[in-house]
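For the sequence shown, the numbering used here assigns the number 9 to the initial residue and increments by one for each residue that follows.
All C-beta atoms, glycine included, are put in the ideal place defined by N, C-alpha and C.
All values derive from a computational prediction rather than experimental measurement.
What follows is a single structure, written as structure tokens, with notes after it.
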Amino acid sequence: MNAIQRILSVTALLMVMATASFAEDAEPLPAGMISLQSPEGVRLLETSGARANFYALIQHLTTQQRPTYCGVASAVTILNTVRPSDTPVSDSLNGKFAWFDQVNFFSKAVEQVIPQTEVQKHGFSLDQWAAAISTYDVKIEKWHCGEAAGEADYAAFLAKAKDALASTNQYLVVNFLRKSLGQTGRTGHFSPVGAYNEKENKFLVLDVAQFKYPAFWVDAKLLWEAMNTGDSISAKHRGFVIITASPQ
Numbered sequence: 009m010n011a012i013q014r015i016l017s018v019t020a021l022l023m024v025m026a027t028a029s030f031a032e033d034a035e036p037l038p039a040g041m042i043s044l045q046s047p048e049g050v051r052l053l054e055t056s057g058a059r060a061n062f063y064a065l066i067q068h069l070t071t072q073q074r075p076t077y078c079g080v081a082s083a084v085t086i087l088n089t090v091r092p093s094d095t096p097v098s099d100s101l102n103g104k105f106a107w108f109d110q111v112n113f114f115s116k117a118v119e120q121v122i123p124q125t126e127v128q129k130h131g132f133s134l135d136q137w138a139a140a141i142s143t144y145d146v147k148i149e150k151w152h153c154g155e156a157a158g159e160a161d162y163a164a165f166l167a168k169a170k171d172a173l174a175s176t177n178q179y180l181v182v183n184f185l186r187k188s189l190g191q192t193g194r195t196g197h198f199s200p201v202g203a204y205n206e207k208e209n210k211f212l213v214l215d216v217a218q219f220k221y222p223a224f225w226v227d228a229k230l231l232w233e234a235m236n237t238g239d240s241i242s243a244k245h246r247g248f249v250i251i252t253a254s255p256q
């Protein structure tokens with residue numbers, strides 16, 4: 009690793025610690041999961057070959073403002089990183105700057121997909137989330153996990169995820185069941201993924217519930233299994249979405 013890369017890694021770690029260090033006292037990560045704030049977590053990042061947009065994402069990582077807003081925070085994180093042409097002006101910034109927040113994300117087009125009041129009660133299903141973010145100037149590809157035709161099995165997920173994380177214009181968001189990872193929480197959760205370490209076969213989940221868990225490394229197969237779980241609202245499996253930025 010050259011000097012510039014090391015400076016970037018240290019800078020990224022400091023940014024994560026500044027925004028999520030309080031999570032250390034909230035919930036301990038289950039055995040086998042590694043906090044990005046730890047020396048081992050940093051080593052995994054430094055030796056990761058698929059992290060093209062990690063440094064951009066970590067600057068915009070947003071903490072969810074409501075228990076059901078993991079999907080909203082994940083969308084805001086991605087959209088502020090991508091900065092699509094239809095980025096709205098934020099009232100929270102005195103109406104002077106184009107910026108996504110967890111209020112203005114709910115445009116008229118998003119409200120037609122699912123009303124904000126419904127998200128406040130139940131959150132998003134994978135299909136609803138993909139449809140909502142696709143109302144903005146980005147391209148999305150969505151997969152439900154599973155073994156049936158049209159679903160992404162483990163090998164398909166791994167290939168698509170690695171390619172997306174190595175691309176400078178693609179971003180990966182996963183929808184998984186916390187319980188399947190041994191984490192607290194009974195419902196599904198959305199978060200962006202920041203990197204993949206091929207040698208260790210682990211993904212870096214940038215958890216948007218920063219008050220609960222720090223960004224963490226998790227085994228790739230375990231993450232897929234947590235996505236390959238049934239969502240009672242949609243009656244489908246959870247899964248993942250790849251977002252591609254439109255050319256500027």
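Under 8 Å between C-beta atoms of residue i and residue j
{"i": "His130", "j": "Thr71", "result": "no"}
{"i": "Ala234", "j": "Leu189", "result": "yes"}
{"i": "Pro200", "j": "Ile42", "result": "no"}
{"i": "Lys150", "j": "Gly247", "result": "yes"}
{"i": "Ser56", "j": "Tyr204", "result": "yes"}
{"i": "Leu134", "j": "Ser242", "result": "yes"}
{"i": "Leu212", "j": "Trp225", "result": "yes"}
{"i": "Gln191", "j": "Pro38", "result": "yes"}
{"i": "Ala140", "j": "Ile122", "result": "yes"}
{"i": "Gly196", "j": "Leu214", "result": "no"}
{"i": "Tyr79", "j": "Phe165", "result": "It should be noted that the sequence gives Gly, not Tyr, for residue 79. No, Cβ-Cβ distance for Gly79 and Phe165 is not below 8 Å."}
{"i": "Ala81", "j": "Val182", "result": "no"}
{"i": "Gln124", "j": "Phe108", "result": "no"}
{"i": "Val298", "j": "Ala253", "result": "Since the first and last residues shown for the chain are 9 and 256, residue 298 lies out of range."}
{"i": "Arg59", "j": "Gly202", "result": "yes"}
Residue of the options minimising C-alpha distance to residue i
{"i": "Val84", "options": "Arg186, Val111 and Phe184", "result": "Val111"}
{"i": "Lys207", "options": "Pro255, Leu53 and Ala64", "result": "Leu53"}
{"i": "Leu44", "options": "Glu159, Lys210, Gly238 and Ala253", "result": "Lys210"}
{"i": "Gln128", "options": "Pro96, Gly158 and Gln73", "result": "Gln73"}
{"i": "Ser175", "options": "Asn61, Ala164, Gln136 and His152", "result": "Asn61"}
{"i": "Gly49", "options": "Ala223, Asn236 and Lys244", "result": "Ala223"}
{"i": "Pro255", "options": "Asp94, Cys78 and Val80", "result": "Asp94"}
{"i": "Pro36", "options": "Asn236, Gly238 and Gln218", "result": "Gln218"}
{"i": "Lys116", "options": "Gly103, Pro96 and Asn102", "result": "Pro96"}
{"i": "Asn258", "options": "Ala64, Ala167, Ala157 and Gly238", "result": "With the chain running from 9 to 256 in the structure shown, residue 258 is simply not present."}
{"i": "Gly40", "options": "Asn236, Gly238 and Leu230", "result": "Leu230"}
Identified DSSP bridge partners for residue i
{"i": "His152", "result": "Gly247"}
{"i": "Gly196", "result": "Leu185"}
{"i": "Val97", "result": "Ala106"}
{"i": "Lys210", "result": "Asn205 and Asp227"}
{"i": "Tyr258", "result": "With the chain covering 9 to 256 only, the question about residue 258 has no answer from this structure."}
{"i": "Gly147", "result": "In the sequence as displayed, the identity of residue 147 is Lys instead of Gly. Answer is Thr252, bridged to Lys147."}
{"i": "Asp161", "result": "None; Asp161 has no bridge partner."}
{"i": "Gly79", "result": "Answer is none; Gly79 lacks a bridge partner."}
{"i": "Asp239", "result": "Lys244"}
Nearest-angstrom Cβ-Cβ length linking residue i and residue j, presumed shorter than 8 Å
{"i": "Ile250", "j": "Leu180", "result": "6 Å"}
{"i": "Ala169", "j": "Gln178", "result": "Between Gln178 and Ala169 the Cβ distance is about 10 Å, and since that is not below 8 Å, they are no contact."}
{"i": "Tyr144", "j": "Pro92", "result": "5 Å"}
{"i": "His245", "j": "Cys153", "result": "5 Å"}
Original post:
Which ranges does the alpha helix (DSSP H) cover as unbroken runs of at least 4 residues, wholly within the region 28-70, from first to last along the chain?
Top reply: 47-54 and 62-68
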